[in-house]
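Structure record follows, encoded as structure tokens.
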Amino acid sequence: MSYRRHSIRNSGAPVTLRGRHVMDERIKPYLIESEPYYRAVDQEIELFEAACAQQIPLILKGPTGCGKTRFVEHMAWRLGRPLITVSCSEDLTASDLVGRFLLDTNGTVWHDGPLTMAVRYGAICYLDEIVEARADTTVVIHPLADDRRMLPLDRKGEQVHAHRDFQLVVSYNPGYQGSAKDMKISTKQRFGALDFRYPGSEAEVEIVIRESAVDREYAARLVGIANQSRELHGRGLDEGMSTRMLVRAAKLIAQGIAPGVACGVAMIQPITDDEDALAALGGFVEAHFGP
Amino acid sequence: MDLDHAAVTNALNLYVRGFGQHKVSIDQFHGEPGPDQLMARATIACDSVTLAGDSEHRRLAQASIAHAVGHLRHSTFGRPVEKRKPLLVAVIGLIEDARIERLMIDGFPGLRKLWGTYHAQSAIDHADSLTFTALSARLATAIHDPTYTDGNYWIIKGRSMFHEACRDLEDTERFESMAKVLANDLGQMRVPFDVSSYLTQPRYRDDNSCLWTFDGQATASATRDSRADASTNGSSLTTDTREGLHAKVETAPAPVSWLYPEWNYRSGHLRDGWTTLVDMPAPATVVPPGLRQRPETARHLLKPR
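Quick mapping for you: the protein sequence lines, in order, are chains A and B.
Residues in the first sequence are numbered from 14 upward in steps of one, following the working numbering.
Residues in the second sequence are numbered from 138 upward in steps of one, following the working numbering.
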């Protein structure tokens with residue numbers, strides 16, 4: 014289990030968030046300092062803001078690399094809320110999320126886990142790829158995701174009522190994980206859901222240009238290759254090329270690498286080991302950049 | 138990179154799928170083209186592309202498929218040939234190839250270079266000839282490659298006309314009008330055209346048979362017309378005989394056309410509606426009056442000398 018702090022604000026003074034309240038010092042390191050670029054493709058920003066205002070937890074569904082994590086970072090910055098991200102895995106335990114007693118020089122001391130910290134001090138808690146965690150682990154979020162909005166810390170004998178700025182967000186990729194790895198229906202029904210797709214071609218071109226500084230022609234060709242690869246979803250590829258892969262290829266091109274080579278490194282070789290699929294993907298690159 | 142047939146087929150089926158053609162399958166012709174040039178070029182149907190036998194090189198196969206996708210996206214299939222002569226049909230196909238490739242290059246700019254490799258070789262191979270194949274190959278190159286130079290007047294004219302028509306690539310009538318002018322020029326130039334030996338150029342292009350069809354009803358009409366012509370041209374027939382024959386023609390059932398599938402054993406393809414059978418009464422046997430009256434004379438005429 015790992016969880017991330019985003020870029021840190023170094024100001025020692027209490028932070029007033031748009032005149033609402035004073036933020037606890039312990040959560041301030043999780044504030045996002047500069048605006049993460051995010052290009053809206055639908056009503057997702059408006060819907061996220063409304064869900065936060067109504068304290069409705071959210072599921073972000075969508076293929077890998079389509080911008081779910083970037084969207085959460087952008088929304089945390091936009092709302093001025095700290096963001097605590099937990100990358101879920103099958104080794105993640107409930108204690109990893111809520112906290113545990115640890116020994117230090119003063120004896121046994123309780124340490125809040127990332128979830129408890131977000132609940133106690135008011136942050137967005139983002140459980141990335143939640144279906145990778147065991148189902149019994151994720152049951153711990155149930156009382157937080159319904160009207161109770163509280164987190165029982167059984168070992169500590171405490172019930173933490175969620176801060177009004179606490180927001181629970183989870184993500185997963187429905188197409189990637191098998192049915193064996195799915196969220197419990199009792200968990201799903203506690204959430205609202207936003208369905209993410211790869212952006213349309215024009216929007217994706219804009220994203221690639223903005224993220225890599227390549228010119229429009231190169232960006233359009235990279236998006237064209239990605240669109241062709243996405244036609245192979247389920248017939249040669251588990252997933253098409255993600256926007257993240259395009260941005261990385263574009264960055265290599267901007268660095269002076271030949272487009273065909275950059276596409277091979279960032280878009281083709283990472284996505285499959287199947288010789289036939291590799292040959293087809295190589296053909297798509299040649300259809301856009303030439304042999 | 139040469140690949141074995143199975144790998145080629147699988148990889149190329151993925152390749153065509155990448156162009157959004159999910160229902161199109163790719164097959165590879167195994168064997169040598171026949172003396173009639175059958176399967177010397179790829180053939181296209183609505184749901185399949187059969188590559189020519191020499192398309193085992195991956196790039197050539199992909200060039201053929203990308204061209205076929207152009208037809209599948211932008212061409213009208215199965216237009217009746219009607220009274221178009223073979224030379225005109227070939228020139229229309231040449232111009233249509235160039236038109237759909239221009240449309241494909243708009244979306245897939247790398248195809249210009251991919252196809253350009255084969256155009257360059259084709260222009261070299263046909264540099265010193267004035268046959269229809271050579272002229273059409275060089276016109277195809279001249280249209281594809283703006284840096285290509287050719288002093289032949291017909292090629293300069295064709296390139297200029299195509300460039301002009303490209304203002305609206307969807308205006309197919311304009312491209313066909315252009316093809317008629319170019320085909321007429323070839324006729325004026327007395328350029329011979331042998332349909333049985335003609336191959337589209339460059340070699341990644343298909344045989345353009347997908348563009349045309351022979352209309353079954355038209356075939357039946359032609360049969361009926363020729364029979365009527367035979368009856369009316371029989372000037373030695375008596376009036377009664379002619380009238381009797383006309384009566385038989387008028388009362389005979391109308392010809393009915395039947396379309397049958399045809400199995401092409403070389404390409405391994407079953408083509409629906411490929412063969413037309415016209416069901417009609419046998420023509421009436423007309424015996425000249427002289428033979429009926431003097432059979433011995435007729436026998437005399439038939440004796441070997």
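Each residue gets a CB set at the ideal place from its N, CA and C atoms; glycine is no exception.
In this text the structure is predicted, and so the values were computed from the model without any measurement.
- By the C-beta density criterion, F114 of chain A is exposed, having fewer than 16 other C-beta atoms within 10 angstroms.
- Looking at the DSSP output, T180 of chain B shares a beta bridge with B:T187.
- Proximity of E215 of chain A to chain B, defined by a Cβ-Cβ separation below 9 Å, is not satisfied.
- Distance between A227 of chain B and W291 of chain B, taken at the CA atoms: about 16 Å.
- Selection A:G273, A:S108 and A:D208 evaluated against F302 of chain A yields A:G273 as nearest (Cα-Cα).
- None of the residues of the region 257-268 of chain A has a beta carbon lying less than 9 Å from any beta carbon of chain B.
- Unbroken alpha helix (DSSP H) stretches of 4 residues or longer found wholly inside the region 183-242 of chain B: 195-211, given in chain order.
- Within 10 angstroms of the beta-carbon of K81 of chain A lie 16 or more other beta-carbons, which makes it buried.
- For R342 of chain B, the secondary structure class from DSSP, reduced to helix, strand or coil, is coil.
- The straight-line gap separating the alpha-carbon atoms of Q258 of chain B and D282 of chain B is approximately 12 Å.
- One thing to note: R239 of chain B has its Cβ no nearer than 9 Å to the Cβ of I229 of chain B.
- The beta-carbon separation of L110 of chain A and P95 of chain A, rounded to 17 Å, does not stay under the 8 Å limit for a contact.
- Around P223 of chain B, the same chain offers F330 and V332 as residues with beta carbons nearer than 7 Å, after the five sequence neighbours per side are excluded.
- For D141 of chain A, the three-state secondary structure derived from DSSP is strand.
- Chain A has a Cβ within less than 9 Å of the Cβ of Q199 of chain B.
- Per DSSP, the unbroken beta strand (DSSP E) holding H124 of chain A starts and ends at G120 to D125.
- A290, L291, A292, A293, L294, G295, G296, F297, V298, E299, A300, H301 and F302: these are the residues of the region 290-302 of chain A whose beta carbon lies less than 9 Å from some beta carbon of chain B, given in chain order.
- Under the three-state reduction of DSSP output, H281 of chain B falls in the helix class.
- In this structure, the CA atom of K160 of chain B is about 53 Å from the CA atom of M163 of chain A.
- DSSP places L250 of chain A outside any beta strand (DSSP E), giving it a letter other than H or E.
- By the rule that beta-carbons nearer than 9 Å mark a contact, P304 of chain A touches chain B.
- It is roughly 7 Å from the alpha-carbon of R178 of chain B to the alpha-carbon of Y341 of chain B.
- Annotation: the continuous alpha helix (DSSP H) that includes G237 of chain A extends over R229 to R243.
- For the set B:G155, B:G157 and B:T146, the Cα lying nearest the Cα of D164 of chain B is the one of B:T146.
- When Cβ-Cβ separations below 9 Å define contact, E252 of chain A makes no contact with chain B.
- For Y152 of chain B, the residues of chain A that pass the 7 Å Cβ criterion are A293 and G296, in the order they occur in the chain.
- In this chain, the alpha helix (DSSP H) harbouring D322 of chain B covers T309 to Q325.
- Counting the other Cβ atoms within 10 Å of the Cβ of S184 of chain A gives 16 or more, which makes it buried.
- Taking all protein chains shown into account, P418 of chain B has fewer than 16 neighbouring C-beta atoms within 10 Å of its C-beta and is therefore exposed.
- The alpha helix (DSSP H) runs lying completely inside the region 29-100 of chain A and spanning 4 residues or more are 57-66 and 81-92, given in chain order.
- Between the region 63-75 of chain A and the region 96-109 of chain A, the count of C-beta pairs closer than 8 Å stays below three; the two stretches do not touch.
- Chain-order list of chain A residues neighbouring T254 of chain B: P304, by C-beta distance under 8 Å.
- The three-state reading of DSSP puts L276 of chain B in helix, counting H, G and I together.
- Contact between I266 of chain A and A275 of chain A is confirmed by a C-beta separation of about 5 Å, below the 8 Å threshold.
- Those residues of the region 41-69 of chain A placed with their C-beta closer than 9 Å to a C-beta in chain B do not exist.
- For L248 of chain B, at least one C-beta of chain A is nearer than 9 Å to its own C-beta.
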